[in-house]
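I have placed the structure first, in the form of C-alpha cells, so that the comments after it can refer back to it.
Numbering (this note's numbering), first residue to last: 39 to 526.
See the structure below:
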C-alpha cells in the first residue's frame, strides 16, 4: 500500500495529499474547497476535541452554541473586524427555491429576497457579543467563560484538506471580564493551554509568541500564537488567543455595573484551534509509509494481527491481551478479517498510523512470545507473553516522547540566526526553516520582507533573548530578534 505514496523529498505537497487519501482521512467533496472527513480522520479530530474540551472545562469554561447565520449589519459594527473578513464571507441572499417555469430545474425564487443578507459564520464574535449584551448586567455576571464547538466558512480560493478549506470545524472561546488585567490573564492562560496540548498530546513542539500588528486577528489588541515547524521547514500557525480589549463591547454596547455602581464596558478575549491540527499532525510526524500518529491522539493505539489467520489458541491470547490493555485505558483492534493477508494488514495499519502492532503466530506461541513493532521507527522485537502488556504500555509512552523529541530536534536543526540581509535572504531561499532576525518594528518593513522573500513574521517570541541590534533589511535600530519563515 505504501508504494502509492509520493516520496516527501520528491513532492511534499503531493506526499501530503497522498497520505490524506490513502490513510482514509478525507475526500474531496462536490463543493469546491470543502472536504468530506472520513471516519479515521474524524476519529482523530474527536480525540483532539475530547482532550481539549477537558482542558477547557478544567479552566472553568462551559460550552454553548450560537447561530450559524449572522446578520450582515452585525459585522459592520466593528470596522477592523469586518475589514479582516469581508473578502472571505459567504452570503445568504434568498430564503426559498422554486421550479423554473420553463421546466428546466430549480431556480432561486426572486420573490424570496431577504430584507437583510445573512453571513455564514466566519467567526462568531459579532453574534456572541450581541447576545452577551442581554447576559451581562452586573459585575456579578462576570467573568463569562464560554466555548463553542462549531463549523465556520471562509471563502478560501486555494484550498488543501485540513490545512485550508472553505468550511472547517473548530472551537472558539469567547470570554468577558471586569478588568483588562483579568482578560489579558485569560488570553495568556488559553495560550498556555494550547501550548500544553500541542506538546503533550500532539508531540509537536511550538514557539510561543505574539503576532505583529499586521498579523493580529482582526479587531484584537494583542494576538498570542503558537508556531510549529512542518517537515518541509515551513511554519504552521497552530493556535491563537486574542485580547480584544473593549472593542467588541463598545461595538455592541455591552456594559456592566461595577462594584462602585458605575457603568463600564467589559473586557474581552477570544481563542481557537481547528481541524488544521489534523494537518499539523500529518506534516509533523508522518513518513513515506503513511501516517504516523502520537499514541495519545491515535484512534487505535494497538493493533493485533493473527499469523497467518485466527485460530482458537491465537484468539485466546489476542483477546486476553486486548482485555488487559483496554483495562489500562488503551484502544486495541484485533484484526480478524480473514479476507486479507497479514502483509496487507501490516501495510494498512502502518498507513493509518497505528502506533504499536502485535503479531501473534503459532510458531511464536510455541516459543511463548509475540512480535511487537513500533510505527515511529519500524523496529520489531520479540517479547515474552507474560511481559507483553507492561512492555506495550511502556512502548506507547516511549513513542510519544520520541515523536516530540524527533520533531524538536528537526526544528532546532532548521532554526537559524541572520544578522544581515544577505544571510536572511540566503536562508529563506536555499535552506528554509525558521529565521531569527532583527526587525525595525514597522509594517512597511514587514511587508517589504514578505514581498522580497515570501517569508512572513510568524511571531515575536515570548521567551527569546531581548538584545538590541539592527534590522536586517533597513539597518534601523531593533529592540530584539523576531521569528520569520515561509508558512502555510
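Virtual Cβ for every residue (Gly too), placed ideally from N, Cα, C. Just so you know, these numbers come straight off a predicted model, no measurement behind them.
Query	Result
Three-way DSSP call (helix, strand, coil) for residue 189 in this model	strand
Contact set for residue 476: own chain, Cβ-Cβ below 7 Å, skip 5 residues either direction	507, 508, 509, 510, 516 and 519
CB-CB length for residue 496 against residue 462, believed under 8 Å	The pair is not a contact, with the Cβ atoms about 14 Å apart (cut-off 8 Å).
Length-filtered (4 minimum) alpha helix (DSSP H) runs lying within the region 293-373	314-323 and 350-365
Start-end ranges of the alpha helix (DSSP H) lying completely within the region 184-265, minimum 4 residues	218-238
When 234, 89 and 349 are compared against residue 398, the one with the closest alpha-carbon	349
Assigned secondary structure, residue 162 (DSSP; H/G/I helix, E/B strand, else coil)	coil
C-alpha gap between residue 428 and residue 109, whole angstroms	57 Å
Cβ-Cβ separation, residue 182 to residue 173 (assumed contact under 8 Å), whole Å	7 Å
Buried or exposed (CB count within 10 angstroms, at least 16 for buried), residue 464	exposed
Ordered list of beta strand (DSSP E) runs contained in the region 373-421, each at least 3 residues	394-399 and 407-412
Supposed contact pair residue 276 and residue 472 - C-beta distance, whole angstroms, cut 8 Å	Their Cβ separation, rounded to whole angstroms, is 14 Å, which puts residue 472 and residue 276 out of contact at 8 Å.
Residue 268, DSSP secondary structure in three states	coil
Opening and closing residue of the beta strand (DSSP E) in which residue 9 lies	With the chain covering only 39 through 526, there is no way to say anything about residue 9.
Beta-carbon spacing of residue 434, residue 333 below 7 Å	yes
Length of the line joining the Cα atoms of residue 137 and residue 149	13 Å
Status (buried if at least 16 other CB within 10 Å, exposed otherwise) for residue 317	buried
Cβ neighbour criterion (16 or more within 10 Å) applied to residue 162	buried
Spatial neighbours of residue 335 in its chain, beta-carbon cut-off 8 Å, leaving aside the 5 residues before and after	82, 85, 86, 89, 239, 240 and 319
Cβ-Cβ distance between residue 373 and residue 360 below 7 Å	no
Simplified DSSP state of residue 455, which is helix, strand or coil	strand
Contact between the region 109-118 and the region 152-167 (3+ Cβ pairs under 8 Å)	yes
Residue 242 burial status per 10 Å Cβ neighbour count (16 or more: buried)	buried
The region 69-76 / the region 185-205 touching (three or more Cβ pairs under 8 Å)	yes
Meets three-Cβ-pair contact criterion under 8 Å: the region 250-264 and the region 283-291	yes
From 75, 54, 207 and 216, residue whose alpha carbon lies closest to that of residue 175	216
Residues bridged to residue 520 [DSSP beta-bridge criterion]	475
Residue environment, residue 45, which counts as buried when at least 16 other CB atoms sit within 10 Å	exposed
DSSP three-state assignment for residue 154, whether helix, strand or coil	strand
C-beta contact flag for residue 120 and residue 160 at 7 Å	no
Test item: CB-CB of residue 76 and residue 61 under 7 Å	no
Span separating the alpha-carbon of residue 393 from that of residue 329	10 Å
Buried versus exposed, by CB contacts within 10 Å (16 or more), residue 103	exposed
Interface flag, residue 433 vs chain D, CB-CB below 7 Å	No chain D appears in the structure shown, which is made up of a single protein chain.
Residue range of the unbroken beta strand (DSSP E) whose run includes residue 77	Careful: residue 77 lies outside any beta strand (DSSP E), inside the alpha helix (DSSP H) at 77-96.
Beta bridge counterpart(s) of residue 278 as assigned by DSSP	263 and 310
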